[in-house]
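Protein sequence lines, in the order shown, are assigned to chains E and U. Residue 142 is where the first sequence starts when you use my numbering, and the numbers rise one by one after that. Residue 142 is where the second sequence starts when you use my numbering, and the numbers rise one by one after that. Structure record follows, encoded as C-alpha cells.
Protein chains: 2
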Amino acid sequence: MNGLEGIGALTFDVFGTVVDWRSSIIREGRALGERLGLAVDWEAFADDWRGLYHPSMEPVRTGERPWVPLDRLHRESLDTLAHRHGFADRVDAATLDALNLAWHRLDPWPDSAPGLTRLRRRYPLATLSNGNVALMVDLARHGGLPFDAILGAELARQYKPRPEVYLRTAEALGLAPEACLMVAAHNHDLKAAARLGLRTAYVIRPTQSGPAQTRDLGPEGDYDLVVESLEALADALGC
Amino acid sequence: MNGLEGIGALTFDVFGTVVDWRSSIIREGRALGERLGLAVDWEAFADDWRGLYHPSMEPVRTGERPWVPLDRLHRESLDTLAHRHGFADRVDAATLDALNLAWHRLDPWPDSAPGLTRLRRRYPLATLSNGNVALMVDLARHGGLPFDAILGAELARQYKPRPEVYLRTAEALGLAPEACLMVAAHNHDLKAAARLGLRTAYVIRPTQSGPAQTRDLGPEGDYDLVVESLEALADALGC
Numbered sequence: 142m143n144g145l146e147g148i149g150a151l152t153f154d155v156f157g158t159v160v161d162w163r164s165s166i167i168r169e170g171r172a173l174g175e176r177l178g179l180a181v182d183w184e185a186f187a188d189d190w191r192g193l194y195h196p197s198m199e200p201v202r203t204g205e206r207p208w209v210p211l212d213r214l215h216r217e218s219l220d221t222l223a224h225r226h227g228f229a230d231r232v233d234a235a236t237l238d239a240l241n242l243a244w245h246r247l248d249p250w251p252d253s254a255p256g257l258t259r260l261r262r263r264y265p266l267a268t269l270s271n272g273n274v275a276l277m278v279d280l281a282r283h284g285g286l287p288f289d290a291i292l293g294a295e296l297a298r299q300y301k302p303r304p305e306v307y308l309r310t311a312e313a314l315g316l317a318p319e320a321c322l323m324v325a326a327h328n329h330d331l332k333a334a335a336r337l338g339l340r341t342a343y344v345i346r347p348t349q350s351g352p353a354q355t356r357d358l359g360p361e362g363d364y365d366l367v368v369e370s371l372e373a374l375a376d377a378l379g380c
Numbered sequence: 142m143n144g145l146e147g148i149g150a151l152t153f154d155v156f157g158t159v160v161d162w163r164s165s166i167i168r169e170g171r172a173l174g175e176r177l178g179l180a181v182d183w184e185a186f187a188d189d190w191r192g193l194y195h196p197s198m199e200p201v202r203t204g205e206r207p208w209v210p211l212d213r214l215h216r217e218s219l220d221t222l223a224h225r226h227g228f229a230d231r232v233d234a235a236t237l238d239a240l241n242l243a244w245h246r247l248d249p250w251p252d253s254a255p256g257l258t259r260l261r262r263r264y265p266l267a268t269l270s271n272g273n274v275a276l277m278v279d280l281a282r283h284g285g286l287p288f289d290a291i292l293g294a295e296l297a298r299q300y301k302p303r304p305e306v307y308l309r310t311a312e313a314l315g316l317a318p319e320a321c322l323m324v325a326a327h328n329h330d331l332k333a334a335a336r337l338g339l340r341t342a343y344v345i346r347p348t349q350s351g352p353a354q355t356r357d358l359g360p361e362g363d364y365d366l367v368v369e370s371l372e373a374l375a376d377a378l379g380c
C-alpha cells in the first residue's frame with residue numbers, strides 16, 4: 142500500500158496554502174491609506190500583522206487564556222500595530238473593525254479554486270485552519286472555494302499545532318487520522334499532523350510571506366506528496 | 142423595522158425540512174429486504190427508527206451521557222429495531238453498519254437544492270441540525286445542497302433543543318442570535334430558537350412523517366415567515 146490509499150477526505154491549511162494573505166492585506170492597507178492620506182509602509186504592516194499571529198495564539202494554546210476566535214486576536218494585534226505604524230490617532234474603532242475584515246476577503250492563489258473544484262469531485266474537502274468559522278465562510282464565498290465543511294480551530298476551541306485541532310477534525314469527518322490528507326504550505330503544520338497519523342501533502346508556496354521569505358521555501362520532512370499547486374495536487378491524486 | 146431586516150445568515154434544520162428522510166429510509170430498507178429476502182414492514186421500520194430519535198438523544202441532553210454523534214445513536218437504535226422487526230439473526234454487523242449509512246444518503250425535497258442555491262446568492266447558509274458533521278457532509282454532497290458551513294450539534298457537542306446548539310452556531314457565524322433566521326419544519330425547533338432571539342421561518346412539510354402525520358402539519362407559533370418550500374423562502378426573501 143502506498144501512502145495515498147484509503148484517503149477519505151482532504152483537510153486544508155488555508156492562510157498561505159489556499160489564499161495569498163500578504164498581497165491581499167497590503168492591497169487593503171493601501172486602499173485605506175490612500176483614502177485617509179496615511180503614510181504607512183503597508184508591506185511592513187502586513188508582515189507585522191502576520192508576525193503577531195503565532196504569539197497572539199500562544200496564551201490560548203498554553204491554557205493561560207480561554208478560547209477566543211482568530212478575528213478577536215487579529216483585532217487586538219491591529220490595535221498594537223496602529224500605534225506601531227503611527228496611525229492610531231488617525232482612525233476610529235469602526236475603521237479598524239472594517240480593516241480587520243480584510244482577513245475575510247483574502248484572494249486565493251490562481252490555482253486554488255480550480256484545484257479544489259477538481260479535488261472535490263472525488264474527496265470531501267474541509268478546512269483545518271486556525272481561522273474561525275465566520276472568517277472561513279466569508280473567505281470561501283469570496284474566492285469561490287468549494288469546501289464541504291469548515292472545521293479546525295473553532296470546532297476544537299484550540300489552535301494548531303495543538304493535537305486536538307487535527308484530531309477533532311478527523312473525528313468530525315468520521316475518519317481515522319490516517320484517512321485524512323493534510324494539505325499545507327508549512328512544515329510545522331505538516332509535522333504536527335504527521336505525528337498524529339494524518340497523511341501529508343506539502344504545497345510549495347515560496348512567496349507566501351513575500352519576496353524575502355526565508356522559511357517554508359520547500360519541504361523539510363518526509364511527506365506523502367510534494368506539489369507546487371492545488372491543481373498539481375489534483376493531478377497527483379488522479380482527480 | 143419588519144422581522145426580516147438585518148439577517149446575516151440562514152440556519153437550517155435538515156431532517157424533514159431539507160431532506161425527505163422517511164421515503165429514503167423506506168427505499169433503502171426495501172432494497173436490503175429484497176436482497177436478503179426479509180419480510181419486514183419497512184414503513185413501520187422507518188417510523189420506528191425516527192421514533193427512537195428523540196429518546197436516544199435525551200441522555201445526552203440531560204448530561205447523563207457524554208456527547209456521542211448521531212451516527213452512533215442511529216446505530217444503537219438499529220440494533221434495537223433489528224430485534225423488534227425480527228431480522229436481527231438474518232444480518233451481520235457490517236450489514237447494519239451499511240444500513241445505518243442510509244441517513245447519509247437521504248434525498249432532498251424537490252425544492253431544496255434549487256431553493257438553497259438561490260438563497261445562497263445573498264446569505265451564508267449553515268446547517269443547524271442534530272446530525273453530525275460526517276453525516277451532513279455526505280448528505281449535502283449526495284443532494285447537491287450548497288451549505289457554506291456544517292454547524293449545530295457536533296460543534297456544541299449537545300443536541301437541540303438545548304440552547305447552546307443554537308447559540309454556538311450563531312457565535313460561529315459571528316452573528317447575534319437576532320441576525321440568524323432559523324428555518325425548520327418543526328414547531329418545537331422554532332420555538333426553542335425564538336426563545337433565544339433567532340428569527341424564524343416555518344416550512345410546511347405535511348408529509349415529512351408520512352401520510353398519517355399528525356404533528357407539525359402547520360405553524361403553531363408567531364413566526365417571522367411561513368412558507369411551503371425553500372423556493373418559496375427564496376421568493377419571500379427576494380433572492
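For every residue, glycine included, the Cβ atom is placed at its ideal position computed from N, Cα and C.
Under the criterion of beta carbons closer than 8 Å, T310 of chain U and T152 of chain U qualify as touching, at roughly 6 Å.
The DSSP-derived three-state label of A290 of chain E is strand. L374 of chain U and L366 of chain U do touch by the CB rule: their CB atoms are close to 7 Å apart, below 8 Å.
Contact check for D188 of chain E against S350 of chain E passes: the beta carbons are separated by less than 9 Å. Identification of residues in the segment 166-183 of chain E having a C-beta nearer than 9 Å to some C-beta of chain U yields an empty set.
Considered as a whole, the segment 159-244 of chain E harbours 162-177, 183-192, 194-203, 211-225 and 234-241 as its complete alpha helix (DSSP H) runs of no fewer than 4 residues, in chain order. The alpha helix (DSSP H) runs lying completely inside the segment 272-341 of chain E and spanning 4 residues or more are 274-284, 294-297, 304-313 and 328-336, given in chain order. Using beta-carbon distances, A275 of chain E counts as an interface residue toward chain U, with a partner under 9 Å. E295 of chain E sits buried, since 16 or more C-beta atoms from the chains shown fall within 10 Å of its C-beta. Beyond the five residues adjoining it in sequence on each side, G149 of chain U comes within less than 6 Å, by CB distance, of L316 and A320 in the same chain, given in chain order. Taking 8 Å as the cut-off between beta carbons, the residues of the segment 280-296 of chain E near chain U are A281, R282, D289, A290, I291, L292, E295 and L296, in sequence order. Counting the other Cβ atoms within 10 Å of the Cβ of A267 of chain U gives 16 or more, which makes it buried.
If you check each beta-carbon in the segment 194-213 of chain U against every beta-carbon of chain E, the ones closer than 9 Å belong to P210 and D212. A313 of chain E and P304 of chain E have their C-alpha atoms roughly 14 Å apart. Rounded to whole angstroms, the separation of the alpha carbons of R216 of chain U and W208 of chain U is 15 Å.
Cβ contact annotation for V278 of chain U (same chain, cutoff 8 Å, sequence separation greater than five): I291, in chain order. Using beta-carbon distances, G315 of chain U counts as an interface residue toward chain E, with a partner under 9 Å. Against chain U, the beta carbon of V160 of chain E has no neighbour under 7 Å; the closest one sits roughly 16 Å away. Annotated three-state conformation of L378 of chain E is coil, per DSSP. Interface flag for V306 of chain E against chain U is unset, since no Cβ pair is found closer than 9 Å.
In this structure, L193 of chain U sits away from F228 of chain U, with a CB-CB distance that is not shorter than 9 Å.
Taken through DSSP and simplified to helix, strand or coil, L260 of chain U comes out as helix.
Here DSSP, grouped into helix, strand and coil, assigns S270 of chain U to strand.
Taking a C-beta distance under 9 Å as the contact criterion, L371 of chain U and P196 of chain U do not qualify as a contact pair. The C-beta distance from D154 of chain U to H327 of chain U rounds to 6 Å, short enough to meet the 8 Å contact threshold.
When the Cα atoms are used, R336 of chain U and A297 of chain E turn out to be separated by approximately 27 Å. Remark: C-beta atoms of R346 of chain E and W250 of chain E approach each other more closely than 9 Å.
Residue-level contact by beta carbon holds for P265 of chain E and chain U, with a gap shorter than 9 Å. Looking at the DSSP output, Y343 of chain U shares a beta bridge with U:A325 and U:V367. Check the Cα spacing between Y307 of chain U and each of U:I166, U:D238, U:R176 and U:K332: the tightest is with U:K332.
F156 of chain U is positioned such that its CB atom lies no closer than 9 Å to that of G170 of chain U. In this structure, DSSP gives A150 of chain U an extended state, which the three-state scheme calls strand.
In this structure A243 of chain U is in contact with S165 of chain U, their Cβ atoms being roughly 7 Å apart against a cut-off of 8 Å. Secondary structure of P255 of chain E (DSSP, three-state): helix. The beta carbon of V324 of chain E does not come within 9 Å of any beta carbon belonging to chain U, so the residue lies off that interface. Within the model, the alpha-carbon separation for R246 of chain E versus L286 of chain U is close to 24 Å.
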